[in-house]
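Right, one structure below, let's go through it.
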Amino acid sequence: MRYLPLTTEDRQAMLARIGAASIDDLFVDVPAEARLPGPIPGLAPHQPEMLVERELARLAKKNMAAGEHPFFIGAGAYRHHVPASVDHLIQRGEFLTSYTPYQPEIAQGTLQYLFEFQTQVARLTGMDVANASMYDGSTAMTEAIFMARRLTRRGTTILSAGVHPHYVKAAETLCRFTGDKLVTGIPTMCCNPPTEDLADIVDRIDNDTSAVVVQNPDSFGHVADLTELAAAAHAKGALLIVVVTEVVSLGLVKSPGEMGADIVVGEGQSLGVGLQFGGPHLGLFACNQKHVRQMPGRLCGETVDADGRRGFVLTLSTREQHIRREKATSNICTNSGLMSLAFTIHMTLLGETGLRHLAELNHARACEVADRLAAISGVRLLTPNFFNEFALELPVAARQAVRDMAEMGVLGGVSAARLWPGLAELEQVLIVAVTETVSATDIDALVRALTEIIGTEYSGA
Amino acid sequence: MRYLPLTTEDRQAMLARIGAASIDDLFVDVPAEARLPGPIPGLAPHQPEMLVERELARLAKKNMAAGEHPFFIGAGAYRHHVPASVDHLIQRGEFLTSYTPYQPEIAQGTLQYLFEFQTQVARLTGMDVANASMYDGSTAMTEAIFMARRLTRRGTTILSAGVHPHYVKAAETLCRFTGDKLVTGIPTMCCNPPTEDLADIVDRIDNDTSAVVVQNPDSFGHVADLTELAAAAHAKGALLIVVVTEVVSLGLVKSPGEMGADIVVGEGQSLGVGLQFGGPHLGLFACNQKHVRQMPGRLCGETVDADGRRGFVLTLSTREQHIRREKATSNICTNSGLMSLAFTIHMTLLGETGLRHLAELNHARACEVADRLAAISGVRLLTPNFFNEFALELPVAARQAVRDMAEMGVLGGVSAARLWPGLAELEQVLIVAVTETVSATDIDALVRALTEIIGTEYSGA
Amino acid sequence: MSMMNQGRPSSPAAAGPAAPMTYTGNKGLMLEEPLIFESGSVHETGVDLEAVPPHASRLAGLERTAPIGLPGLSEGETVRHFTRLSRQNYGIDLGIFPLGSCTMKHNPRLNEKLARLPGFADIHPLQPQDSVQGALELIHRLAGWLKALTNMPAVAMTPKAGAHGELCGMLAIRAAHEARGDARKVVLVPESAHGTNPATAAFCGYTVEDIPADPRGRVDTDALLARLGAGGGQCDVAAVMITNPNTCGLFEPDLKRIADAVHAAGAYVYCDGANFNAIVGRVRPGDLGVDAMHINLHKTFSTPHGGGGPGSGPVVFSAALAPFAPLPFVVEENGKFHLVEEETATAEHHELSFGRLAAFHGQMGMFVRALAYIMSHGADGLRQVAEDAVLNANYILRSLEDAMSAPFAHTGPCMHEALFDDAFLKDSGLSTLDIAKAMIDEGFHPMTMYFPLVVHGAMLIEPTETEGKQRLDQFIGAMRSLAEAAKAGETDRFLTAPHFAPRSRLDETRAARQPVLAWLPSLPPRLAAE
Amino acid sequence: MSMMNQGRPSSPAAAGPAAPMTYTGNKGLMLEEPLIFESGSVHETGVDLEAVPPHASRLAGLERTAPIGLPGLSEGETVRHFTRLSRQNYGIDLGIFPLGSCTMKHNPRLNEKLARLPGFADIHPLQPQDSVQGALELIHRLAGWLKALTNMPAVAMTPKAGAHGELCGMLAIRAAHEARGDARKVVLVPESAHGTNPATAAFCGYTVEDIPADPRGRVDTDALLARLGAGGGQCDVAAVMITNPNTCGLFEPDLKRIADAVHAAGAYVYCDGANFNAIVGRVRPGDLGVDAMHINLHKTFSTPHGGGGPGSGPVVFSAALAPFAPLPFVVEENGKFHLVEEETATAEHHELSFGRLAAFHGQMGMFVRALAYIMSHGADGLRQVAEDAVLNANYILRSLEDAMSAPFAHTGPCMHEALFDDAFLKDSGLSTLDIAKAMIDEGFHPMTMYFPLVVHGAMLIEPTETEGKQRLDQFIGAMRSLAEAAKAGETDRFLTAPHFAPRSRLDETRAARQPVLAWLPSLPPRLAAE
Ligand SMILES: Cc1ncc(COP(=O)(O)O)c(C=O)c1O
Ligand SMILES: Cc1ncc(COP(=O)(O)O)c(C=O)c1O
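If you read the sequences in order, they're chains A, B, C and D. Each residue of the first sequence is one higher than the one before, starting from 30 at the first, in the numbering used here. Each residue of the second sequence is one higher than the one before, starting from 30 at the first, in the numbering used here. Each residue of the third sequence is one higher than the one before, starting from 25 at the first, in the numbering used here. Each residue of the fourth sequence is one higher than the one before, starting from 25 at the first, in the numbering used here.
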């Protein structure tokens, strides 16, 4: 057994030192009826490395890997080119196999990058401070709603119809039990883009509103100015929570902080992390300094050591479960440490110059694809303003179109029906994301596939 | 340019400090007519990481990777399963990006593994000492011939017909100019296996023979006892050089040292290194302590530091080019450092228990495949004794058979005609290697392919 | 596990020499490294990108104009920055990492390789399900192993870590009660529980009540049973959250009895499975009456901790709770795999599900690693894992109990971790923290300090099964020598430890009093004013 | 580059404190690690393998019976062993590595990734050529770049390192002479040449004669021309081996003139291209009359040095030598690629080839990396590489020439490396070696010491283009502070340096006098007797 170093002789010698006759003697506290006499029947025995690799590689090959196909899916997880050095560095054993930095004297590596990560996220979002990460964007949003409740002592939160439906569902799950009230919007084809006017939300803010939650760009790709909404919320004593699921957009689009956000949550997988079939991803959480003591999650801060040298430690832990137990701001413990490292490395490679360039490249490509697709007869662009993702109305059901394109080897987007099942109105809406990874051939393939499907469906109808 | 950190401002500031008006001023020593005014025309400009990756991945995909096909090729390079931890560890920056350990105080990592490598190789080969690596097995063999000449002051070396023909060619190239005389054998179908009797070699040893060079297992896979040959060579004052191209065989087969070898050279790529389309590979070189001062290549030795702690340094460098210049034992400088690390890690993972197990598994699989193939009508096994590679006589031309099998997706071996072109006698000989990586399905595929080809050819004839 | 929250405040002792002996501040291979905000520049970059094609912006004038303040570095300098930082860290790859309750075992490199196969790492969670059959099959297979290893009929794969798994389990319990119109509000949590237990119960709206430990370090069964019966006819206890093996490293021998009583009272047993490593393959929680238990893949099944995450905390459920398990999950039908999501939940007879916990389908990257780990060990190997983990812990316990003080050693063997307290430091002037810092000098990661709370100055040592005897013997030797030095009054050496780490003790008080949480060239007035 | 071979013998100075302060000998993150022969056991293994199926042995009784003595470790312990060892090493990833003549530039990680693609790493050199078209195309493309960058019509891709490339070039020269029946035996090599130059010439049967350097650090052109003419009518010189830029870091301005004279004398110019980094994209050796030059892909084209290799040393050839280039090589025909080997050489009009240099077709793994590097830089980027490399070296030269002593600084700018000597240490009691060891304490890898031989106590500093200004400024600051300390008589600090490295100075004399080259529990009598 390649991972187990004890030899039979070792085990004998150790049992002797312990004074036990056999290993069973160490399990005496287990009730007799619960003791298994041997390996659980029906489960496979151990396998050589080569065979495990062969079997899992076989499963991997049964999936259509994004990099091997024209790929246009976004909807909360974006495919970007991650420089090879990122993955190399996060595999350094001292990063990969370390724990949460509870012993700061031998965890300065982790602590310093967390401090850098926090600063990068704060700057990107336009806020004062950011925490050391959450699980993902969706759980970060729920935590933000709770934080707003604690800060405002109010019980109702208004969610825009443009918020990622999975995020909304996750918040609803918890709020059902905590008693937090959520007012959610429903996307509709009456709007253009298919999300409510922000003015409608403004109308709904009242004295029990703890916060308004808006996603920017929203789930259809639409980019909006949130400045007035922020002012309206603040005027009623409510907070503005902004959700960002495509962090690359912040290289080009005004930051939530600049628009007046009080809390910014987001999904950071675009930088360094990759698609990962949805996890592990990286929850971002930023706010202003004055609210920091109500923040969930870990925080890394600067200090000095006994010799006066700068160093970093986890701090303000009196907010956390291990100190405050049932009075903690959150129950989170393990977060997304290694993913925040990947993010920090990628962001360091980019720098401001690279990030802006990357964002522009995404935008330019998306504009090109939007125009190409909108030129197909019967296809209509629903989002006049967007960053790297946009919504189209097709003349056919989008869900089937996505499946048909996949059959043709093209991963051509996400149907609104997959995200908001049951909304008949959105049945023909396709959401298409375009990043720098999309090549000219990929674009041609998408246009060809969609044209063909539309043609086929027409003739079939 | 992602690898170049200087900014335009940096360059200006630095030129100012230097006192140069422009970068051209630093190239004044270049004759005017040789100065290129700008980038060389016709060559592509720099490309983004993503595009370089895409293009080279495209080239990679044009090759039939061994792991994706039933694979039975050996002939000096063997495909073994390399545990994932090997490649992980050799990518540690402190190993990967270090130089030859000229500053031992900050190169103990390299030096200690070299010491471990030397010890492992010495034990495997049954010799006292080994050096810190050569380029590959073929160049190591040539160096061994020269070393024997220096030790014996004799000018003729006898090479067995079973020595890898590339190794022989490489030695001939150099000997043509150095005046060393090589007596080489030619494989022939009169013998069974198609290599000469060792007794024939014994007859040829005379007073001008510096060494006899034998490969074990030989290029047809044949395993032989070299004890008597060693005795015969020694009796005439000649040395025995043993070549091992499949180092895994040493887990099961008696070592050259045990058979009386004076110098053992070999190819170490089987452990840790992989196929690599032929390079980088790993030259092994071992001999007895008394000959060490005539050894080529680097040696690492144990010593103590100023505080009395054990440490390691490169030593006996008075044999080497950087000290002895034209009087050096060899001109080698850069060797195969990182490959020796990979070898050492793989060997450490195996340990004696694992190596023996691995060798047995190879042998057992090879026995099975040999029997399966020999059972095909018209196919004859030419090597009664072998380790994990054997030679077959086919009823058809082996070269075409190999190509036909490749068309069918099976990499079924190497034809003797590829190795010894022009030897009509060997035209129907196929050399098949079988390692632990071969699965039952692979074996079936090979048997099926070969049966079909033979059938086809018959009917075509 | 938990950070120190009592004992000597970790503010610096007498200051040592402040000026470095070298010009650079480096000391040989121990290298200092500035922040990227000090070494990088917004004009530098470590990437090359294609030129931006001409295009008309669709951003409606929302383009960012002000500088962001994100420094870049060339690729070479980036590699160097993070490599140099990494060298200031300790990891399992460097040596024993005996952090109790954390199961810091070897992280196999095969698993890292497999998790990076494009077929797993480079697929999108919203791809058509036909295009990700291999991924769904992998999740399904791992789910099968987890159910079999626990003898529980259902498992939720989506929770993102242990605490998230606790949330998942407690939500199922709430949903189950609500489904029968029973709005119980109390959750009983033993004193020795990990902080996430009470935090989770509170997070989803429960009132938490403590259950004391008995003198043998186990849950006080009598107190627990009494509390269950206390409400008279209608019990107000929704659930008991129990950890088994518990955070003292001891098996709860009464768990089955407790579970029966809990069930009789109409409540559920949540088991914190963080310590599953001690019993995997030898004991199935389902056989002990557990209703829900999270399994930390980043502990028992060795997915790397990565300096604080990511984790993955699947939750197994009893038949009673299975209907309430969250969405989405994977179902097999005739060799095809599909996801049950909101849309299909009712059709698939899962209308009782409490809903979605997070976006997408869970921590795929961790699933790949965990399944590879499980297949590599097999049923036989996993059993051996538990045995060796327990053997190693007992070896440490028995080798150190005379030199240190082990409060529950007299009760019999421990499970996968050995608990010590600070009684042996009485009158020495030293604390658990001082011992921990001296261990750093010896080249070890310290054990868990000051947790669990049920003993004074706890030192919780979990070696895991991947430590060999030689490493353990060295560790034991070093611990004995430290204990002897402490008892012999070599106080100074401890109080100023660590001496050889990249930093000496850090001033945590200062960090908390004047929090500096982001780099600022100088504090802007707004922040400084607060 | 070259190891120290003069100056103060590196045997230990006064012994420091021998006993480690810690029980383990570790010091925080600086960890001691035993040899595998001390920690491992022949019964332990870190692999799992399939069971061996029953079979009848075909080994004719040659089975090994005696124990081999190869210890194994579990995977976890193996990872730890080599990780701990790695931490005792310095690399480019840690900081500036200014080893003159070694071009220790950043090694891009993309290149590592690409070289590991199964389509490159997992293919066999003897696969049917139709099954490796992508690999052959890659070699062909790289060959094209090397020819264009040097303006030479042919290139041999098979040499395995620089010295092997020298051998390849010199064999072609011998073959060319022999082809016309001219058995010249002398090769002229400048004093400043790298050791491999004379060693190679001797290795393939030539007699080596030194050519002196002139006072400006260049080849003494007059002496060289005189020697060429010396033989009277029939010149006995086969070739001149010249390094350009030379090992003093200076361009040889007379190379074209020398080449013309060499050619007139019926000889050839071999150029050691180890320093090509200084001129790549700005100067093409083919324009200077060079007949053969090796290119160290592991220097100019950044394939990692890996602690001593592997390398790759393709050799470009002039039209005169091209027919003699070795086998095999890749040829394109109508978009298909094939190898010219012994069998087809004549048919392909390559019957003059001197033959095969080694098994197979060269260092494929290095080719992939080098081509990725070249494509990433392009023609524009490679030119920038040379410019920045030269700029950085001159910046160091001019920033340190007053504090140290730079023998050729007065002759004008240097190329990619800056040469200093030990004149500034005169009367200080210190040597080049002492400065080097003090640099280790500062966190730098020392420069090349005592090479080239043409100056006393040489210190050859090559920063490469991948160092930024900030790193250079820190390096310069540290070097100035060391130089000042040395001149100010702070002798002790230097003589006992390094203080902070994993080891203090190692006793090289003892290592050579009583060589211990393999681990032995105790010396067996046979060895002890010698
Ligand atoms: C006993 C116990 N329960 C729960 C947790 C929480 O798990 P996670 O950190 O994965 O959220 C931990 C983690 O340290 C633990 O030790
Ligand atoms: C000037 C010079 N020539 C030749 C060589 C030899 O190259 P290699 O080490 O690749 O054999 C070197 C290497 O250090 C060198 O610096």
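Glycine included, C-beta positions come from ideal geometry on N, C-alpha and C. Here the structure is a predicted model, which is why all the values come from computation and not from measurement.
Within the stretch 342-379 of chain B, the runs of alpha helix (DSSP H) at least 4 residues long that lie entirely inside it are, in chain order, 350-353. Distances taken from the Cβ of G366(A) to the heavy atoms of ligand 1 include none shorter than 7 Å. Chain B places no beta carbon closer than 8 Å to that of H329(C), leaving this residue out of the contacts.
Residues of chain A whose Cβ lies closer than 9 Å to the Cβ of H117(B) are, in chain order, Q120 and G122. Its chain contains P269 as the residues whose beta carbon lies nearer than 6 Å to that of N299(D), once the 5 sequence neighbours on both sides are disregarded; these appear in chain order. Only exposed fits R182(A), as fewer than 16 other CB atoms lie within 10 angstroms of its CB. The beta carbons of A403(C) and L321(C) sit about 18 Å from each other, so the pair does not count as a contact at 8 Å. With distances taken between CA atoms, P545(D) lies nearest to P95(D) out of N221(D), P95(D) and P78(D). When DSSP states are grouped into helix, strand and coil, C316(A) belongs to the strand group. By the beta-carbon neighbour count (other beta carbons within 10 angstroms, threshold 16), R308(D) is buried. Your pair G366(B) and G331(D) checks out as a contact, with CB atoms roughly 4 Å apart and the cut at 8 Å. Taking 7 Å as the cut-off, one finds no heavy atom of ligand 2 near enough to the beta carbon of N50(C). Shortest Cα-Cα distance from R40(B) to any of E411(D), L421(D) and A447(D) involves E411(D). At least one heavy atom of ligand 2 is found less than 7 Å from the C-beta of H218(D). For a cut-off of 8 Å, the C-beta gap from L188(A) to G214(A) is around 7 Å, short enough to register as a contact.
With fewer than 16 other beta carbons inside 10 angstroms of its own, T347(A) counts as exposed. Between the alpha carbons of F121(C) and L415(C) lies a gap of roughly 17 Å. The three-state reading of DSSP puts K184(D) in coil, since its state is none of H, G, I, E or B. Runs of the beta strand (DSSP E) lying entirely within the stretch 457-490 of chain D, each at least 3 residues long, are 483-485 in chain order. Under the three-state reduction of DSSP, F444(C) is assigned to strand. Chain-order list of chain C residues neighbouring E78(B): V71 and D72, by C-beta distance under 8 Å. Relative to the non-hydrogen atoms of ligand 1, the Cβ of G273(C) never comes closer than 7 Å to any of them. Within the model, the alpha-carbon separation for T466(A) versus M79(B) is close to 8 Å. Proximity of T36(A) to chain B, defined by a Cβ-Cβ separation below 8 Å, is not satisfied.
Boundaries of the beta strand (DSSP E) harbouring I270(B): L268 to V273, taken from the DSSP string. If you draw a straight line from the Cα of S528(C) to the Cα of R504(C), it is about 23 Å long. When CB distances to chain D are screened at a threshold of 8 Å, the residues of the stretch 449-461 of chain B falling below it are P450 and G451, in chain order.
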